[in-house]
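Let me begin by presenting the structure, written as structure tokens, before commenting on it.
2 protein chains.
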Amino acid sequence: MKASLIMIGTEITRGIIQDSHGVLLSRELTHLGVHVAEIVSLPDDGTIGPVLSALMRSSDLIIITGGLGPTTDDMTRSVIAGCAGVPLTKDAGCWDFLLGRLGDRAYGANEKQAYIPEGFTMIPNHNGTAPGFYGYGGETLLICLPGPPREMEPMLYESVLPLIRGKLDLPEAERDEYSSFITAEAKLEELYEAIDPRLDWGTRFQDYRISLYVSGGTAAERDDAIARLRDKVGECRIADGNREPLDILIDALERHHATIGCAESCSGGMASMLLTQRAGSSAFMMGSVTSYDPSVKEGILGVDHGIIREHGTVSAECAMAMADGARKAIGSDFAFSITGVAGPDKSEGKDVGTVFIGFSGKGRETEAAALKFTSWGRDSVRKRSSVAAFLLMAAFIDGRSPAGIASCWRYL
Amino acid sequence: MKASLIMIGTEITRGIIQDSHGVLLSRELTHLGVHVAEIVSLPDDGTIGPVLSALMRSSDLIIITGGLGPTTDDMTRSVIAGCAGVPLTKDAGCWDFLLGRLGDRAYGANEKQAYIPEGFTMIPNHNGTAPGFYGYGGETLLICLPGPPREMEPMLYESVLPLIRGKLDLPEAERDEYSSFITAEAKLEELYEAIDPRLDWGTRFQDYRISLYVSGGTAAERDDAIARLRDKVGECRIADGNREPLDILIDALERHHATIGCAESCSGGMASMLLTQRAGSSAFMMGSVTSYDPSVKEGILGVDHGIIREHGTVSAECAMAMADGARKAIGSDFAFSITGVAGPDKSEGKDVGTVFIGFSGKGRETEAAALKFTSWGRDSVRKRSSVAAFLLMAAFIDGRSPAGIASCWRYL
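Protein sequences, first through last, are from chains Z and F.
For the first sequence, the residue numbers in the numbering used here are 1 to 412.
For the second sequence, the residue numbers in the numbering used here are 1 to 412.
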């Protein structure tokens, strides 16, 4: 199947906003084995007509986003009807759906949105007023979706991808979502393909995690594949559902009604910044110390000068002293510490990516996990250190040993 | 002038990377009065041929990016020569340029990059091995540029935009670059258009700043316009050149050979994270305390309990005590503090966006600046607070009064 994508929006061709649908649609289509031959952005001025006609000659599938709003300059729906050689007609189901969503707020301009090309089928939009629709123009399957991402994206996953799977005779797959942490996207792909290439795997890179899904096969096959993936990377690295590492730590803190603090060296405040990112974080986050200079490690955190002299600041000993010192100075139930070499240069004779994370808790033995991250640059070492600290701290709060868990981690 | 843009890259049509050239090129062309009729992304498989032929019939200008690398699958240059009806020919100047850049490292595959369509002109690439080129195919001006942004973008500004200005008979404009801080992009546009709409203004939103340029007119007219813009928003808000707020603070610290620390409440570690972002930041950054819980403000920073009881934690008094406490606990020459309401809810009866920044320095009177940011969300209040702290701290280090400067700031 050969596909083309058309994104309509004068704001795109004037350089005011960046199209984000092209990359999402191409990734999902590529994943289904569909070849994306062309991605076109056009202004909302009716020029879609000739472009669509030309693309219909070479494409089995065309997805069009945007140009379906209630304002009069949106002429996409009539151009598409024209290309399909049918009139626009008021779709009763579509109008009922709009009335159901808008009630008294439905007015004349919305009525226009209930007009779709004759013979086409409505795609419901649960997050906006512009329904989508699909149908055939000649041999080409035309799928039209509204432009706003929060409307388009759910419609893509709920309606469009299942529709295309059906057309391709791909079985309607059950899909399980996971979040993967720290492993590079390319390595993750290599791993899951070696485990079970018959399943459908997909990843989506996000700031502090990679969203992962697996579909196809039976539930038992999918569970087994994920269990094997977990074995390969190590515990706590793949979570059920689409979740940020911070969520996992917050859940553990809430389960134990506990407060937290931290001490940071190489991450320089990033963990603290993340711990205070959400509204309401004062319920569990008490504070942190960025002890960048060794004198601050000694002064505020009370790290013994002998530890620094003997083991250096990038050491398990220093990480444990920092975590204990942070918990004491801040007065939290738990505290972690991060000390390491973010790069670009070696420090204290230790390679870039060497990181120690300390864990301290009331009535618990203090531990340190030793990690060695591949060096993809300073920012990446800082991010992965913060993520590792959250995941391992959650395990520590649950009574487990972060040092033991981290020692089995691979592909950092 | 009617333009089309073609971005070549199989990684784009497979959804692996997002094209970023489309939005940049369209913005710059729109700005010159060029109408961008179509933006097309294509795989690197030679399908550019028919697309380019079709677009040449309707476009006065076509800019093509990507597909110029040394690997054999890059066939863009021969397709373009074919569409222009000329052979590819080894350009002596181009080869000399490549030899000059690569020296001994130039090998066979690079030689291919010295072949451009006959009669076309090379566009030098100072950041990579693929030179660009331009020339006419029929009536259409064809401009080809390499795909990597760090190669393409300088070529756009140094060579391509001046070339298009010339074709449009727009005078070769001198261009001054500035960085604008904290003001919203839309408000900034409103302001500069009210000042002098005859000049060419442009903005580009970046993470902690807005890059601003002004071109056209005489140097005196541009200087005058920027001076009036500075008057409107207030001192320290518009810097010469394309610079991050962190650079401005680092410069002040280096000028005075001074070290810094900070205490953060609502920004939660963001300022500290930024202060440690660059390699070598340990030269000036000593540490910070995120005193999220009031007990940490009292405990580590030594803020008097009476100050919190009487004025609350979101107050000038608390900000000053935090800054003094941070400087003492951390042992730095200077320290600032940030305390405020990031939202989404009011706190201590104070509105979201209310922020106090304290400034403390050896032998200097401690001050606090009171700011009231428009609430665009929690993350934005935290970011603008950090940026304001850097700008005002730089002024404080230079011996000026941040409280006085901030009191004249508008459009926050």
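No residue lacks a Cβ here, since even glycine has one placed at the ideal position from N, Cα and C.
Predicted model only: the values in this text are computed from it and were never measured.
Along the chain, where does the alpha helix (DSSP H) containing Z/M285 start, and where does it finish? Not the alpha helix (DSSP H): Z/M285 falls in the beta strand (DSSP E), residues M285 to S291.
List the residues that DSSP assigns as beta-bridge partners of Z/D240. Z/Y178
My guess is that F/G180 and F/R243 are in contact by the Cβ rule of under 8 Å, so how many angstroms apart are they, rounded? Sequence inspection shows Ser at residue 180 of chain F; the Gly mentioned does not correspond to that position. No, F/S180 and F/R243 are not in contact; Cβ-Cβ is about 11 Å, not under 8 Å.
Would you check if the distance between the CB atom of Z/G100 and the CB atom of Z/T121 is smaller than 9 Å? no
At 8 Å on the CB atoms, spell out the chain F contacts of Z/D303, in chain order. With the sequence shown as reference, residue 303 of chain Z is identified as Val, and Asp is not the correct amino acid for it. What Z/V303 touches in chain F: nothing, since even the nearest Cβ is about 12 Å away.
Considering F/D200, what are the terminal residues of the alpha helix (DSSP H) in which it resides? Counting along the chain, F/D200 falls outside any alpha helix (DSSP H), though it belongs to the beta strand (DSSP E) covering D200 to F205.
Just the chain Z side, please: which residues come within less than 9 Å of F/P344 by C-beta, in chain order? A279
Can you tell which of Z/G377, Z/D351, Z/W95 and Z/F390 has the C-alpha that lies nearest to the C-alpha of Z/I357? Z/F390
Taking CB distances under 9 Å as the criterion, tell me whether Z/P460 reaches chain F. For chain Z, the structure presents residues 1 to 412; residue 460 of chain Z sits outside this window and is missing.
Give a yes or no on whether 9 Å exceeds the smallest Cβ distance from F/D19 to chain Z. yes
Supposed contact pair F/G331 and Z/S295 - C-beta distance, whole angstroms, cut 8 Å: 6 Å
Using only the alpha-carbon positions, how far apart do F/D379 and Z/A394 sit? 25 Å
Residue interval of the alpha helix (DSSP H) (run including F/H305): H305 to H311
Hey, how far is the Cα of F/K2 from the Cα of Z/I12? 16 Å
Who does F/V40 pair with in a DSSP beta bridge? Z/V40 and F/I6
Quick one: grab the DSSP three-state call for F/P117. strand
C-beta atoms of Z/L25 and Z/I63 nearer than 9 Å: yes
Among the residues of its own chain, which have a CB less than 8 Å from the CB of Z/Q277, if the five just before and after it don't count? L246
Is F/R309 near the ligand ZN, in the sense that its beta carbon is under 8 Å from a heavy atom of that ligand? The ligand ZN is not among the ligands present in this structure, which contains no ligands whatsoever.
Under 8 Å Cβ-Cβ, which residues of chain Z neighbour F/A37? T13, L42, P43 and T47
Using DSSP bridges, identify the partner residues of Z/H31. Answer is none; Z/H31 lacks a bridge partner.
What beta strand (DSSP E) runs, 3 residues minimum, are completely inside the stretch 347 to 386 of chain Z? 354 to 361 and 367 to 372
By a C-beta neighbour count over all protein chains shown, 10 Å radius and 16 as the cutoff for buried, is F/S407 buried or exposed? exposed
List the residues of chain F that Z/R27 touches, going by C-beta distances under 8 Å, in chain order. R14, G15 and I16
When burial is assigned at 16 or more other CB atoms within 10 Å of the CB, is Z/T218 buried or exposed? exposed
Using three-state DSSP, classify F/V314 as helix, strand or coil. coil
How is Z/L156 classed by DSSP in three states: helix, strand or coil? helix
For the beta strand (DSSP E) holding F/V341, just list the boundary residues, first then last. F/V341 -> no beta strand (DSSP E), and no H or E assigned at all.
Kindly list, in the order they appear in chain Z, the residues whose Cβ is closer than 8 Å to that of F/L24. G15
Who are the neighbours of Z/A54 on chain F, taking C-beta pairs under 8 Å? A54
If we define contact as Cβ-Cβ less than 9 Å, is Z/E190 a contact residue for chain F? no
Anything in chain F within Cβ reach of Z/S282, meaning under 8 Å, just list it in chain order. Y292 and D293
Residue interval of the alpha helix (DSSP H) (run including Z/C94): A92 to L102
Quick one: what does DSSP say Z/S59 is sitting in, helix, strand or coil? coil
Measure from the C-beta of Z/G66 to each C-beta in chain F and report whether the shortest distance is under 9 Å. no
Measure from the alpha carbon of Z/R198 to the alpha carbon of each residue in Z/I248, Z/D224, Z/I182 and Z/Q206, then state which is nearest. Z/D224
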